[in-house]
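Report on the structure given below.
In the working numbering, the protein residues as written are 98 to 364.
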């Protein structure tokens, strides 16, 4: 029972914060919410919902898609990832016979962030089957590899990505993910060691957000050390409220690469 509880906590808490790396490290900057200055977020959401509800003659498919994307971004900003996932997937399906790959990937990441891993896998299946070597495919492959970790306790796909040049744009995120899961007290196949992934991350990507999270302050040449924020999208939406049971790290973890780190906030 204790093992099940530990593994359950690992899946629910540790997995979520890793997902935001794919947004930031693989083109996720395009997914940042665009809120109008001075307008309440709730009103922005209502306006976006009203735009979507317009009858077909008054709005083109492109306009509806843009409205859905905006609504998905606003829902992310509000912390409602369940609604965000729905609107991202709706936006991906606006055009008959085709799907917006970036919206599809964004919706899948939101689903995974709330623990709906099987739904997330279903959402990215078209991207994986298509096999187009683009950012959306890379993100989908990363998410699928993470799903194998959380659902099957197997990091072999994620580890293969670490040495595959086709996923170079995600390598720092992959290293960081492997560093984190290899440091957990769980039985994950092929995860390697925390020391191994920390050394690779710090040597190859010394100024990446991931390196600044795990490295001692003195190794960053005077730069501020990154810290976890209690937000579903903490890397680019700081300041949202805490999730019960999780805490912000009050101080940097010990410099020893094998030392445990504070529990991460959920994504």
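The C-beta atom is built at its ideal place from N, Cα and C for all residues, glycine as well.
- At the C-beta level, residue 188 and residue 224 stay beyond 7 Å of one another.
- If you draw a 10 Å sphere on the C-beta of residue 140, you find fewer than 16 other C-beta atoms in it, and that means exposed.
- Annotation: the continuous alpha helix (DSSP H) that includes residue 277 extends over 268-280.
- The stretch 286-295 makes no contact with the stretch 262-270; the number of CB pairs closer than 8 Å stays below 3.
- By the Cβ neighbour-count rule, residue 159 is exposed, with fewer than 16 other Cβ atoms within 10 Å of its own.
- In this structure residue 185 does not touch residue 214 by the C-beta definition: roughly 16 Å separates them, more than the 8 Å allowed.
- Around the CB of residue 220, 16 or more other CB atoms lie within 10 Å, so the residue is classed as buried.
- Closest in alpha carbon position to residue 161, among 309, 138, 197, is 197.
- When the alpha-carbon of residue 294 is set against those of 273, 303, 310, 309, the nearest one is in 273.
- In chain order, 202, 221, 224, 225 place their CB closer than 6 Å to the CB of residue 237, counting only its own chain and leaving out the 5 sequence neighbours on each side.
- Where residue 206 is concerned, the enclosing alpha helix (DSSP H) starts and stops at 198-210.
- In the DSSP secondary-structure assignment, residue 251 is bridged to 286.
- Straight-line spacing of the CA atoms in residue 191 and residue 300 works out to 44 Å.
- In this structure, the straight-line span from the alpha carbon of residue 240 to that of residue 175 is close to 23 Å.
- In the three-state scheme derived from DSSP, where H, G and I count as helix and E and B as strand, residue 307 is classed as helix.
- DSSP places residue 229 outside both helix and strand once states are collapsed to three, so it counts as coil.
- Annotation for residue 199: 233 place their beta carbon closer than 6 Å to its own, counting only its chain and skipping 5 residues before and after.
- Going by beta carbons, residue 242 and residue 218 fall outside the 7 Å limit.
- Nearest neighbour of residue 259 by Cα position, chosen from 250, 249, 275, turns out to be 275.
- Between residue 178 and residue 149, the beta carbon gap of about 18 Å keeps them out of contact (Cβ cut-off 8 Å).
- No residue range can be given for residue 191, since it is assigned to no alpha helix (DSSP H) and is classified by DSSP as neither H nor E.
- Taking C-beta separations shorter than 8 Å and ignoring five residues to either side along the sequence, the partners of residue 172 in its chain run 142, 178, 180, 181, 184, following chain order.
- The stretch 136-168 contains, as complete alpha helix (DSSP H) runs of 4+ residues, the segments 138-150 (chain order).
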